[in-house]
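Here's the structure we're looking at; comments come further down.
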Amino acid sequence: MTTAIRFNPFQPEFHQNPYPTYDYLRREDPIHRSFLNAWVITRYADVEAILKDARFCVDDLPQRLLQKSHYLKHGNLDPLAQTIYQWLFFLEPPDHTRLRGLVSKAFSRATVEEMRPEIKIMTQDLLANVQSTGQMDVIKDLASPLPAMTVTRILGLPPEDYPKLVRWSYELFFVFDQPMSLQGYQKQNQMAIEARDYLTEMIGRLEKQPNNGLISRLIAARDQDKTISQEEIIGFCIMLLIVGQETTKSLTGNAMVALLKHPEKLAQLRQNPDLINHAVEELLRYDSPVQVIARLGTETVEMRGKTIQAGDKIILCLGAANRDPEQFTNPDQLDFNRKNYSLPFGGGIHFCLGAFLARVQGQIAINAMVQGLPNLRLSTETLDWRESITLRGLKNLRVTF
Numbered sequence: 004m005t006t007a008i009r010f011n012p013f014q015p016e017f018h019q020n021p022y023p024t025y026d027y028l029r030r031e032d033p034i035h036r037s038f039l040n041a042w043v044i045t046r047y048a049d050v051e052a053i054l055k056d057a058r059f060c061v062d063d064l065p066q067r068l069l070q071k072s073h074y075l076k077h078g079n080l081d082p083l084a085q086t087i088y089q090w091l092f093f094l095e096p097p098d099h100t101r102l103r104g105l106v107s108k109a110f111s112r113a114t115v116e117e118m119r120p121e122i123k124i125m126t127q128d129l130l131a132n133v134q135s136t137g138q139m140d141v142i143k144d145l146a147s148p149l150p151a152m153t154v155t156r157i158l159g160l161p162p163e164d165y166p167k168l169v170r171w172s173y174e175l176f177f178v179f180d181q182p183m184s185l186q187g188y189q190k191q192n193q194m195a196i197e198a199r200d201y202l203t204e205m206i207g208r209l210e211k212q213p214n215n216g217l218i219s220r221l222i223a224a225r226d227q228d229k230t231i232s233q234e235e236i237i238g239f240c241i242m243l244l245i246v247g248q249e250t251t252k253s254l255t256g257n258a259m260v261a262l263l264k265h266p267e268k269l270a271q272l273r274q275n276p277d278l279i280n281h282a283v284e285e286l287l288r289y290d291s292p293v294q295v296i297a298r299l300g301t302e303t304v305e306m307r308g309k310t311i312q313a314g315d316k317i318i319l320c321l322g323a324a325n326r327d328p329e330q331f332t333n334p335d336q337l338d339f340n341r342k343n344y345s346l347p348f349g350g351g352i353h354f355c356l357g358a359f360l361a362r363v364q365g366q367i368a369i370n371a372m373v374q375g376l377p378n379l380r381l382s383t384e385t386l387d388w389r390e391s392i393t394l395r396g397l398k399n400l401r402v403t404f
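Residues are numbered in the working numbering as their position in the sequence shown, beginning at 1, plus a constant of 3.
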């Protein structure tokens with residue numbers, strides 16, 4: 004197989020296991036021009052450098068979605084484009100700086116630590132629902148509902164509405180996967196309309212009866228000093244509903260697969276529960292939930308003998324960077340004693356806002372299963388991975404205990 008077609012993230016075998024492809028590209032063609040008309044970057048040093056380099060900007064996906072509306076026979080994709088245009092992923096300073104400053108306190112280490120007891124209670128309640136059965140679907144029974152319940156609590160939404168959030172997040176995360184069929188975009192556009200209508204209604208209610216949630220605080224900022232608009236509130240909340248759920252869900256599922264396939268590491272963690280923080284960092288590196296993020300070149304850049312032009316799309320493979328042997332000794336092995344910093348949540352000014360929240364939820368959920376479910380085993384060796392380029396996560400994960 005030639006390097007011209009080596010990186011094909013649409014192949015089923017790539018979804019099952021992308022790491023042999025990453026290994027090949029890192030070794031043979033680390034700055035790879037793919038058939039997707041994009042540069043694929045796989046070495047840790049290069050990925051980290053581009054994330055911090057002002058000559059590369061965020062993806063122009065919202066603008067491309069507006070252009071795709073011209074190909075539709077009926078309707079448009081304006082609600083979807085308008086929604087994601089407000090996401091921090093697609094904003095540059097000063098708007099990025101302003102909006103991130105408004106919400107960053109809600110996701111600080113101190114604020115998230117205050118939530119830890121409540122997250123533990125939610126986790127135990129979810130596990131109690133399956134405790135007597137001796138079996139569970141880790142995704143459906145714990146990894147999916149826990150972050151949805153956490154997000155509703157942060158935003159100040161009715162707790163019973165979390166299943167709606169689960170549905171919208173599952174579908175809308177695919178907006179990051181490009182290219183996609185027009186039917187796929189239309190389906191996501193409908194999800195965006197539903198989520199927007201829901202949040203518009205909730206904002207109306209919270210205007211009359213504010214609570215301690217983040218939406219009420221953003222409404223106050225909108226009304227008092229005009230530092231945020233209604234459209235920005237809706238866009239940010241939908242971003243949190245989607246990304247805050249899907250990354251945490253995939254972290255928990257991927258981590259449990261790794262532990263169950265390495266029973267000696269599962270036993271080590273069970274015997275040493277205080278290792279959980281280090282274990283989660285290593286599990287994030289070993290099978291990163293977010294596999295790729297996109298950037299655009301803004302000027303000509305030379306890198307390892309290749310010329311990246313202004314306007315070129317760049318695919319930064321976090322999953323490949325986190326298995327780079329130049330950065331991590333024996334990268335294909337699980338080692339809870341590593342001290343190296345990996346890139347599971349991106350870097351630079353667009354470092355994931357909810358990174359600490361995802362870590363804490365992962366620590367609690369994984370430790371609760373490891374410590375509370377004896378004789379934990381996979382129900383099948385055949386794993387059903389989602390057909391996503393950006394996200395590496397499971398559709399389900401059935402276990403017995």
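In this text, a Cβ means the ideal position worked out from N, Cα and C, and glycines have one as well.
In this structure LYS252 is buried. Its beta-carbon is surrounded by 16 or more other beta-carbon atoms within 10 angstroms.
Here SER184 is exposed. Its C-beta has fewer than 16 other C-beta atoms within 10 Å.
Per DSSP, reduced to three states, the secondary structure at ARG389 is coil, with no helix or strand assignment. For ARG380, same chain residues with a beta-carbon under 8 Å away, outside a window of 5 residues either side, are LEU263, VAL402, THR403, PHE404 in chain order.
Counting along the chain, the unbroken alpha helix (DSSP H) around CYS240 starts and ends at 233-263. Beyond the five residues adjoining it in sequence on each side, ASP140 comes within less than 7 Å, by CB distance, of ASN399, LEU400, ARG401 in the same chain, given in chain order.
Contact between LEU80 and LEU64 does not hold, since their C-beta atoms are separated by about 11 Å, which reaches or exceeds 8 Å.
Between LEU254 and LEU217, the C-beta gap is not smaller than 9 Å, which leaves the two residues out of contact. With a 10 Å radius around the Cβ and a threshold of 16 neighbouring Cβ atoms, GLN366 comes out buried. In the structure shown, ASP277 adopts helical secondary structure according to DSSP, grouped into three states. With contact defined as three or more Cβ pairs closer than 8 Å, the segment 314-325 and the segment 286-303 are in contact. A distance below 6 Å between beta-carbons, with the five flanking residues on each side excluded, links LEU202 to the following residues of its chain, in chain order: ILE237, CYS240.
In the three-state scheme derived from DSSP, where H, G and I count as helix and E and B as strand, LEU94 is classed as coil. Per DSSP, MET183 lies in no alpha helix (DSSP H) segment and is marked neither H nor E. Taking the Cα positions, TYR289 is about 33 Å away from ARG67.
Among the bridge pairs identified by DSSP, GLU305 is matched with THR310. In this structure, DSSP gives GLY375 a helical state, which the three-state scheme calls helix. ASP200 and TRP171 have their alpha carbons spaced roughly 12 Å apart. Residues of the same chain with a CB within less than 6 Å of the CB of GLY351, apart from the 5 flanking positions on each side, are LEU54, LYS55 in chain order. Of the other Cβ atoms in all chains shown, fewer than 16 fall within 10 Å of the Cβ of LEU75; this residue is therefore exposed. Looking at ALA313, ARG307, LYS309, GLY308, the one whose alpha-carbon comes closest to that of THR301 is ALA313.
For LYS108, there is no enclosing alpha helix (DSSP H), as DSSP marks it with neither H nor E. According to DSSP, ARG208 shares a beta bridge with no other residue. For PHE17, the secondary structure class from DSSP, reduced to helix, strand or coil, is helix. In this structure, LEU105 keeps its C-beta atom at 9 Å or more from the C-beta atom of GLN89.
CA-CA distance, PHE176 to GLN274, rounds to 36 Å. For ALA146, there is no enclosing alpha helix (DSSP H), as DSSP marks it with neither H nor E. Here ARG395 is buried: its Cβ has 16 or more other Cβ atoms, across all protein chains shown, within 10 Å. Cβ contact annotation for ALA151 (same chain, cutoff 6 Å, sequence separation greater than five): TYR165, LEU168, VAL169, GLN248, in chain order. In this chain, GLN134 is not harboured by any beta strand (DSSP E), its DSSP state being neither H nor E.
For PHE348, the number of other beta carbons within 10 angstroms of its own is at least 16, and it is reported as buried.
A buried status is given to CYS355, since no fewer than 16 other beta-carbon atoms sit within 10 Å of its beta-carbon. GLU285 sits buried, since 16 or more C-beta atoms from the chains shown fall within 10 Å of its C-beta.
Closest option to THR86, judged by alpha-carbon separation, among ASN192, LEU299, PRO276, LYS229: ASN192.
Put simply, the backbone Cα of VAL115 is about 26 Å away from that of LEU397.
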